[in-house]
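S.K.:
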Amino acid sequence: MSPELPLSAASLTEALAALPLVDHHVHGASRDDVDRAGLERMLTEADDVPEWMTQFDSQIGLAVRRWCAPVLDLPPHADPDAYLARRLDLGAAEVNRRLLRQAGIGHYLLETGYKGEEILGVEGMAEVSGSRIDEVVRLEQVMEQVARETRTGAEFPDRFRRALADRTAGAVGLKSIVAYRYGFHFDPRRPTDAEVAAAADRWLEETGANREPRVSDPVLLRFGLWCGVDRRLPIQLHTGYGDADVQLHRCDPLLLTDFIRAVQPHAVDLLLLHCYPYQRNAGYLAQVFPHVYFDVGLGVNYTGVRSDAVVAESLELAPFSKVLFSSDAWGPPELHYLGALLWRRGMVRALGSWVDAGEWAFEDAVRVARMIGRDNARRVYRLDEA
Amino acid sequence: MSPELPLSAASLTEALAALPLVDHHVHGASRDDVDRAGLERMLTEADDVPEWMTQFDSQIGLAVRRWCAPVLDLPPHADPDAYLARRLDLGAAEVNRRLLRQAGIGHYLLETGYKGEEILGVEGMAEVSGSRIDEVVRLEQVMEQVARETRTGAEFPDRFRRALADRTAGAVGLKSIVAYRYGFHFDPRRPTDAEVAAAADRWLEETGANREPRVSDPVLLRFGLWCGVDRRLPIQLHTGYGDADVQLHRCDPLLLTDFIRAVQPHAVDLLLLHCYPYQRNAGYLAQVFPHVYFDVGLGVNYTGVRSDAVVAESLELAPFSKVLFSSDAWGPPELHYLGALLWRRGMVRALGSWVDAGEWAFEDAVRVARMIGRDNARRVYRLDEA
Amino acid sequence: MSPELPLSAASLTEALAALPLVDHHVHGASRDDVDRAGLERMLTEADDVPEWMTQFDSQIGLAVRRWCAPVLDLPPHADPDAYLARRLDLGAAEVNRRLLRQAGIGHYLLETGYKGEEILGVEGMAEVSGSRIDEVVRLEQVMEQVARETRTGAEFPDRFRRALADRTAGAVGLKSIVAYRYGFHFDPRRPTDAEVAAAADRWLEETGANREPRVSDPVLLRFGLWCGVDRRLPIQLHTGYGDADVQLHRCDPLLLTDFIRAVQPHAVDLLLLHCYPYQRNAGYLAQVFPHVYFDVGLGVNYTGVRSDAVVAESLELAPFSKVLFSSDAWGPPELHYLGALLWRRGMVRALGSWVDAGEWAFEDAVRVARMIGRDNARRVYRLDEA
């Protein structure tokens, strides 16, 4: 990966290249071609990229030019216009095919609840990537679908439970964006059906004829989470870094401590996603609670060459059986590709340096990389049974 | 900079040495000679240095001995007493001249609102440094000046607006220390003139005959900020690390999120200063909000050799067009000099290692360093128009 | 320590190996043999280790295999079962003797308030380690002892003061776990005896015939702290990372700022223990308040090879006269041994790299290591007078 790569790092690089990852939280790749402005908008969590700047002047932008350009037959560091031209020249299908097939991801757990119309779904992703795909269902999306079909709050709890059971019949996990819609400082108790009905009444009234209901009431969000617990599927929680909608300090996973404790007797796994810049806090929770896991997905892509620091920080307090890999890619397949590449790079840099110093055995390094890159996800989501 | 400097780092060091920086937040250098106790007190954010210890036993102290001693013709690591003796021998004017002229700072944006009587002002700094100086005006200082001249709260809003317009006629930016005086958890709304008048009445009454009024009422502090927005100049906000007066956890820039959102439609730029240890939080805000910028100024000086880690952490989420350089020096010109030296050192270490690994192109590294070290400040403060 | 160790690191390693440390916060080593499940439970802050995983797959687990195995005559990276077999073979007394005697710790300040029946006390530790032992008394343990002997709240304040005086007659310091029992967001004021009596009445009533009273009332916890201030001994405060009982975000030392200010006029030293992941916040407090100190003890052990990053982060804002060494070991002597080994390793890596780069003088590096490893603790706890 770098000219002066020491022996152990080279061997680790090989071992990791040979490991088909499970990307335990990811979205579909873009269906269609995009122009430069469109691609830039998808390479940031900002709502927009102001005209006077370019998102290529960022870690993710430089990473695209460095690592994705060669996959499209361009030299490393190709300039943005050349990159966009080549991208259009190849077409979205071929760009997807190349980047997804070379990502080294053997299994995608696809979260299908965000802007699904713009991106490939389960079948499309299976076809273009050649990898196995399983689905993760977003609780809030199911709830908003139910709201469109419900007239009174009283019928809401049962309708939601039925819809969730139907929608997740083949799913391997659930996802919650309570961090976005409210924050982690919610009352951890399970709400009663009466409380839920009252909250749903308020929501349905506000929403009225709006066909795009958006759930942000904390009672309803908690209800979704507790129904998820009853559903006995692993629950992913957006944590930390995200777009301009979040109050980032409300997404510190430590604010979830009481909810985590409340879920513990139910033996349902909670997976904290991304976590940047709170990855050390997540590592603490993953050490002390048997049902807590985490990854550093989104932050890895967006910190580019600095993601080695983020990956290294994810390898502190948590037992290695509690850390997972994800890309959290949505849209440009560059994000799927870079998510895997940068995670492998970060693992090689961290573990390789420890092996070189004689502090870790090479075999342990390979084993830990396999746990985090694949095996933990297989166990948590019971992928061998699916 | 170090004996085993690789080629790209050497070339980057050269490129950065040739770049005249814009120090976008800085104060004047000390007017007069200081003795050892006096210098130690100015090399810490503590109110005082207890007798049983020396501030030379700290990162900043060792940095002064390592880097500033040679500028005063002493060997690196000169001992503190020898350093102080040489300093007195040369005299404040010559020490200022040497350290400021060798800092490689082409343009200082001087914040003149803090203990102005002890330090050089705009003219003095221009003369001794040979660099261009522009002024940044502290909102709270203007407000406290107005309080000295005002008898009733009712007249306060208009008086402040007029005074601010007068005082900033030639200024390039504004500065707020709301973080010190209250914290970032303030109500983000613009207060009405009636609310301001009532708060000013309370303040004027408390202050009474005191000729050193100190504004700490959140209504008045918010009023200052919103008048700053109306003034349409970039607003610097003290963020994070500062002296024993702050409640550091109230200075987490994430607590500003709602205020940032409220300012967004006004298209006035907000510049988060220092930010340590919240630089990653600042980077998030700078990515997702088009009008948010940040630097890691003060923390760079006070972490000495560890500032490379702080600078590297400033290069994660934020697009490079949203990061700036500052020293936040006040008093000893060692702080102006080290601020520039340590920032250049941190940039060379980070960018140089990425170039060496083949992950960044050398040209991109130089371009990014120029953006952060100079060009972003020129654009934000419209320095070419000034 | 590593094959490619540069000269200055090798010399620093030697200098640090020759330095007998003062472990300023530590507990006794286990009295008895433990089996694998027992050892695993003591190598985590979790309440238990689930059956499907092993705590050997963690940084601390790999560190035990790497560094402790050779002390027990096994090769580095010995597998866990071989390690446990050898441990039982040698027996607890010999394992203690080897690991404690090779830790290079000259003086233990033993906190005796946690599960004392399972571990060696002051005499046992002195005998097995061959080192000097002094005692640190846990405020809450004294309070709970007093509760067992008290019938009415009215007598509680005086009884506690007397018990504390008796119990600490020969102690060098105090310890508070207010972070565990309530959090640092407590009212910083000294409570009146009437307030304490009322709180004690409530507590005694709740406790009733329970012979294991557990103090968690914030009035009583504050009372303990203020009695500690009156006792004029240095007060250690558990800070940050701990077991599943803490609300970690309530243990951010910044939440102590007002209490720190309130204690300042009393000139009693406050020592923030562990602090992970808030070590930078602790460094800020240690810079700006003359009576604040900190260490990164517990986090060093549990981050294993990553502890170099934690140690390095402890060397930023704080003057070096305000940083201390501790292992916070409790139970397996592996924790005493690794605490010292990993701290030395982290210091050599950080300081060695700065010396190599020509940025620190070698003599300064050795001096700073001695301050942090030994001399600061001797001064703060007046160990030469004891």
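Chains as they are written, first to last, in this note's numbering: chain A, 1 to 386; chain B, 1001 to 1386; chain C, 2001 to 2386.
Beta carbons: idealized from backbone N, C-alpha and C, even for Gly.
From a predicted model like this one, the values you see are computed outputs, not experimental measurements.
Looking at the C-beta of Ser1058/B, does it have a partner C-beta in chain C at a distance below 8 Å?
M.R.: Yes, its Cβ sits closer than 8 Å to a Cβ of chain C.
S.K.: Pick helix, strand or coil for Leu1174/B, following the three-state DSSP scheme.
M.R.: Strand at Leu1174/B.
S.K.: For Thr2112/C, which three-state DSSP category applies?
M.R.: Reduced to three states, the DSSP call for Thr2112/C is coil.
S.K.: For Arg211/A and Arg148/A, I'd like the C-alpha separation in whole angstroms.
M.R.: When rounded, the distance between both Cα atoms is 7 Å.
S.K.: Note down the Cα distance separating Ala2244/C from Asp1081/B, rounded to an integer number of angstroms.
M.R.: Those two C-alpha atoms are separated by around 50 Å.
S.K.: Using a C-beta to C-beta distance shorter than 8 Å, which residues of chain A count as neighbours of Ala1262/B?
M.R.: Within 8 Å Cβ-Cβ: nothing; Ala1262/B doesn't reach chain A, min ~13 Å.
S.K.: Quick one: give me the first and last residue of the beta strand (DSSP E) that Val1137/B is part of.
M.R.: Counting along the chain, the beta strand (DSSP E) containing Val1137/B begins and ends at Arg1132 to Arg1138.
S.K.: Classify Glu2014/C: buried if its beta carbon has 16 or more other beta carbons within 10 angstroms, exposed otherwise.
M.R.: Exposed: under 16 other Cβ atoms inside 10 Å.
S.K.: Can you tell which of Ala357/A, Arg132/A, Val380/A and Leu342/A has its C-alpha closest to the C-alpha of Val64/A?
M.R.: Of Ala357/A, Arg132/A, Val380/A and Leu342/A, the residue nearest in Cα terms is Leu342/A.
S.K.: Could you spell out the range, first to last residue, of the beta strand (DSSP E) harbouring Gln236/A?
M.R.: From DSSP, the beta strand (DSSP E) with Gln236/A extends over Ile235 to Thr239.
S.K.: Can you find the residues in the same chain that come closer than 6 Å, C-beta to C-beta, to Arg1098/B, ignoring five residues on each side of it along the sequence?
M.R.: The answer, listed in chain order, is Val1071.
S.K.: Restricting to Cα atoms, I'd like to know which of Glu40/A, Gly116/A and Asp47/A is closest to Val1288/B.
M.R.: Per the Cα distances, Asp47/A.
S.K.: Spatial neighbours of Gly1224/B within its chain, please: CB distance less than 7 Å, with the 5 preceding and 5 following residues excluded, ordered by chain position.
M.R.: Same-chain partners within the cutoff: Leu1139, Glu1140, Met1143 and Ser1176.
S.K.: Check for me: the alpha helix (DSSP H) holding His1336/B runs from which residue to which?
M.R.: Pro1333 to Asp1356 is the span of the alpha helix (DSSP H), which, as asked, contains His1336/B.
S.K.: I need the boundaries of the alpha helix (DSSP H) containing Val2292/C, first residue and last residue.
M.R.: Where Val2292/C is concerned, there is no enclosing alpha helix (DSSP H), although the beta strand (DSSP E) it sits in stretches over Val2292 to Phe2294.
S.K.: Counting only beta-carbon separations shorter than 8 Å, does Asp243/A have a partner in chain B?
M.R.: At least one chain B Cβ lies under 8 Å of Asp243/A.
S.K.: Taking only beta carbons into account, state which residues of the stretch 295-307 of chain A come closer than 9 Å to chain B, listed in chain order.
M.R.: Result list: Gly299, Tyr302, Thr303, Gly304, Val305, Arg306 and Ser307.
S.K.: On the DSSP bridge list, what partners appear for Ile2119/C?
M.R.: Answer is Ser2030/C, bridged to Ile2119/C.
S.K.: Going along the chain, which residues of the stretch 230-254 of chain A sit with their C-beta nearer than 7 Å to a C-beta in chain B?
M.R.: The residues in question are Tyr241, Asp243, Ala244, Gln247, Leu248 and His249.
S.K.: Using DSSP's beta-bridge definition, name the partner residues of Ile2105/C.
M.R.: In the DSSP output, where bridge partners are listed per residue, Ile2105/C has Leu2021/C.
S.K.: Let me make sure I understand the geometry here. Which of Asp2187/C, Val2146/C and Cys2227/C has the alpha-carbon closest to that of Pro2213/C?
M.R.: Among Asp2187/C, Val2146/C and Cys2227/C, the Cα nearest to that of Pro2213/C belongs to Val2146/C.
S.K.: How big is the Cα-Cα spacing for Ile2119/C and Leu2338/C?
M.R.: One C-alpha to the other measures close to 18 Å.
S.K.: Using alpha carbons as the reference points, say which of Met2347/C, Tyr2302/C and Gln2279/C lies closest to Ala2318/C.
M.R.: Looking at the Cα atoms, Gln2279/C is the closest of the given residues.
S.K.: Closest to Arg2151/C by C-alpha separation, out of Val2026/C, Ala2200/C, Phe2294/C and Glu2127/C, would be which residue?
M.R.: Of Val2026/C, Ala2200/C, Phe2294/C and Glu2127/C, the residue nearest in Cα terms is Ala2200/C.
S.K.: Looking at the unbroken alpha helix (DSSP H) that takes in Leu1298/B, where does it start and where does it end?
M.R.: Residues Gly1297 to Thr1303.
S.K.: By the 10 Å Cβ neighbour count, where 16 or more other Cβ atoms means buried, how is Asp166/A classified, buried or exposed?
M.R.: So Asp166/A ends up on the exposed side.
S.K.: Could you check whether Arg222/A and Val268/A sit closer than 8 Å to each other, using their CB atoms as the reference points?
M.R.: Contact flag unset, no.
S.K.: Among Phe186/A, Val137/A and Gly208/A, which has the Cα closest to the Cα of Gly153/A?
M.R.: It is Gly208/A whose Cα lies nearest to the Cα of Gly153/A.
S.K.: What in chain B is Cβ-close to Arg2374/C, meaning under 8 Å?
M.R.: Result: empty, since nearest Cβ-Cβ is about 15 Å, beyond 8 Å.
S.K.: Would you report the Cα separation of Pro2400/C and Arg2261/C, rounded to the nearest angstrom?
M.R.: Residue 2400/C is absent from the model: chain C starts at 2001 and stops at 2386.
S.K.: Mind reading off the beta-carbon distance from Val1022/B to Phe1325/B? Whole number of angstroms is fine, and I expect it under 8 Å.
M.R.: Yes, Val1022/B and Phe1325/B are in contact; Cβ-Cβ is about 7 Å, under 8 Å.
S.K.: For Arg383/A, which residues of its own chain have a beta-carbon under 8 Å away from its beta-carbon, when the five flanking residues on both sides are left out?
M.R.: Residue identity check: residue 383/A is Leu in the sequence provided, not Arg. Excluding sequence neighbours, Leu383/A sits near Val22, His107, Asp134, Val172 and Ala377.
S.K.: To the nearest whole angstrom, what separates the beta carbons of Tyr1302/B and Gln1059/B, a pair I think is in contact under 8 Å?
M.R.: About 7 Å separates the two Cβ atoms, so the contact holds.
S.K.: If we cut at 8 Å on Cβ distances, does Asn210/A have a partner in chain C?
M.R.: Answer no: the Cβ-Cβ gap between Asn210/A and chain C never drops below 8 Å.
S.K.: So the alpha helix (DSSP H) Leu2062/C belongs to, where does it begin and stop?
M.R.: Gln2059 to Ala2063 is the extent of the alpha helix (DSSP H) around Leu2062/C.
S.K.: How would you list, in chain order, the residues of chain A whose beta-carbon sits under 9 Å from the beta-carbon of Leu1272/B?
M.R.: Chain A residues near Leu1272/B: none, gap ~14 Å exceeds 9 Å.
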